[in-house]
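Going by the working numbering, the sequence shown opens with residue 1, and the numbers climb by one from there.
In this text, a Cβ means the ideal position worked out from N, Cα and C, and glycines have one as well.
Being a predicted model, the structure only gives us computed values, none of them experimental.
Encoded as structure tokens, the structure appears first; notes follow it.
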Amino acid sequence: MDKSPDSSNAFEPAVIDEVVRLLETVWDPSGKIIAAVARKPNKANPYQPRSYRGYALVLCAMAAASSSEAEMMGYLRREEEEFCGAAVTTGHERGAVARGIKEALRVMREH
């Protein structure tokens with residue numbers, strides 16, 4: 001049986017909820033990033049995520065498009081740089097989020 005993640009499950013509520021949890025507890029446990037996003041509106045992109053759920057949906061869309069962990073990590077880093085002025089998490093933390101997304105998809109596939 002193939003154990004690769006099934007991107008067709010990327011928008012299952014349980015997957016989205018898990019990604020929100022990862023963002024809140026691993027990527028931004030202090031709330032610093034999401035607070036910076038709220039303070040600095042991005043007029044160039046009216047669809048800019050404004051919440052953990054919004055970021056979760058973007059990351060789930062990336063997973064559905066078969067983005068790699070490195071691409072997801074890069075997206076999170078660019079968001080930090082845009083809204084906080086510099087990366088505020090480590091590659092390890094961003095990688096844990098990306099790996100967690102892939103794992104959530106694997107778990108959904110097995111059920």
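Among residues of its own chain, excluding the 5 on either side of residue i, which ones have a beta-carbon nearer than 6 Å to its beta-carbon?
i: E103; result: none
Hey, how far is the Cα of residue i from the Cα of residue j?
i: R21; j: R94; result: 13 Å
i: R39; j: C84; result: 10 Å
Using the Cβ count rule (16 or more neighbours within 10 Å means buried), how would you classify residue i?
i: F11; result: exposed
i: N45; result: exposed
i: D28; result: buried
i: T25; result: exposed
Assuming residue i and residue j form a contact by the criterion Cβ under 8 Å, report the distance between their Cβ atoms to the nearest whole angstrom.
i: L59; j: V19; result: 6 Å
In this structure, how does DSSP classify residue i when only helix, strand and coil are distinguished?
i: D17; result: helix
i: N45; result: coil
i: R89; result: Per the sequence shown, residue 89 should be read as Thr rather than Arg. Coil at T89, not helix or strand.
Verify the CB distance criterion: does residue i have a CB-CB separation below 8 Å to chain C?
i: L23; result: No chain C appears in the structure shown, which is made up of a single protein chain.
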